Each structure stands twice: as structure tokens, then as C-alpha cells.
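Have a look at the structure below before the remarks.
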Amino acid sequence: MTHDVLPAAVALTGSGLCLAGHVPGPVQHWGPHAVVLAVTLLMVVGSPGPYPLLACAAVTTGMCLFARGPAAADLAVMAVVTAAMARLPQGHHHTGGHGLFVLAVVLWVLARAGAFMHRALRPGAPRAGPLGDAGGALMALGMAAMLA
């Protein structure tokens, strides 16, 4: 039971922190995170089939177009993990192996490193802040753990 609930709770907490880290700003900063929180809730609370999960992955990918910096990297990795979940048998988010978990974490680390390098090359690039950074890490790890 806790094997199923803990990754979901971590992913939801991370999505909420991402949203909280961007709320004081304009809607184009927090809007993608509100949509992703709704997608995360659908994945955790509901038991969507492959087509709703693919639609969620497409919506999350679309939100990457509106997000910038590390937030876009977090959303891109979430889109990949969501699409991977659509390939799993109905109702089986856990694969029993850790290969997809490791792949998702490596993708997130690489995406965040790319965002960090982009910010170093372009000093005016947006910064997520501590809530956004912590939220992105929790969201990515929670989503990846749902695959493990």
C-alpha cells in the first residue's frame, strides 16, 4: 500500500510546490504548473487508460512551450514519464524493475543541467526559486518512482 501511495504523494507535493513557487507572478508563469497539477491529480486519483495518459502527456508537452528555464525541463521530463506510463498495462504503474526509474531520473538531471547551463550563458533567463526547484525535484522523483 505505501509502495503505491508514497510516490503519488511525493509527485503531488512536488507539483503543488512548483505551482506555489510561481503563483505570485503572471499567469504564463503559473498556468503551466496549474495544468500539470491537474494532470498529476488525474494520474494519481483516477485510473486512466493509455489514451487519457497520452493526452495528458501531450498537454504537458504543450505546457513546456509556455514555461521557461528549469520549469520547462521539469515539465518535459514529466511528459516523458506520463507517456511511458501509457505504455504500461492498465492499472499497473509499477513495472517491477528500476530501469525506467533510473532513466527518468537521469533525464531530469540532464534537463536540469541544460537549464543551468542556459541560465549561465544567458544571465537574464528566468529562475525558478527555492520552491520551484524543490517542487521540480519532488515531482520528477515522485513520477519516476511511480514507474519503479
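Take 45 as the starting number for the sequence shown in our numbering and just add one per residue.
Beta carbons are placed, not taken as given, at the ideal position from N, Cα and C, and that holds for glycine.
Bear in mind that the values here come from a model prediction, so they are computed numbers and not experimental data.
*Taking 8 angstroms as the CB-CB cut-off, is Val83 touching chain B?*
The structure shown contains no chain B; it is built from a single protein chain.
*Under 8 angstroms between C-beta atoms of Val89 and Ser59*: no
_Sequence-distant residues of its chain with Cβ nearer than 8 angstroms to Leu86 (five each side left out)_ = Pro92, Pro96 and Cys100
_Inter-residue spacing [alpha-carbon to alpha-carbon] between Val120 and Met107_ = According to the sequence provided, residue 120 is Ala. The question's Val does not apply to it. Ala120 and Met107: Cα-Cα distance of roughly 9 angstroms.
_Nearest to Thr126 (by Cα), restricted to the options Gly186, Val49 and Leu50_ = Gly186
*Go through the segment 83-155 residue by residue and report every complete run of the alpha helix (DSSP H) that reaches 4 residues or more, in order.*
94-108 and 114-130
*What is the DSSP secondary structure of Gly69, counted as helix, strand or coil?*
coil
*From the DSSP output, in three-state form, read off Thr57 for me.*
helix
*What's the C-alpha gap between Cys76 and Ala155?*
A quick correction: the sequence has Pro, not Cys, at residue 76. The alpha-carbon atoms of Pro76 and Ala155 are separated by roughly 17 angstroms.
*Under 8 angstroms, do Pro94 and Gly180 count as touching if we go by C-beta distance?*
no
*May I have the straight-line CA-CA distance separating Pro51 from Val124, to the nearest angstrom?*
17 angstroms
*asked:* Let me check understanding here. Comparing Cα to Cα, which of Thr57, Ala117, Arg163 and His162 lies closest to Val152?
replied: In the sequence under discussion, the amino acid at residue 152 is Trp, which differs from the Val named in the question. Nearest option by C-alpha distance: Ala117.
*For Gln72, collect the residues of the same chain with a Cβ closer than 8 angstroms to its Cβ; drop the 5 residues on either side in sequence, then sort them by chain order.*
Phe110
_Beta-carbon contacts of Val54 that lie in its chain and below 7 angstroms, excluding the five residues immediately before and after_ = Leu182, Leu185, Gly186 and Ala189
*So, using beta-carbon positions, are Ala102 and Leu191 closer together than 8 angstroms?*
no
*If you draw a straight line from the C-alpha of Val146 to the C-alpha of Leu63, how long is it?*
25 angstroms
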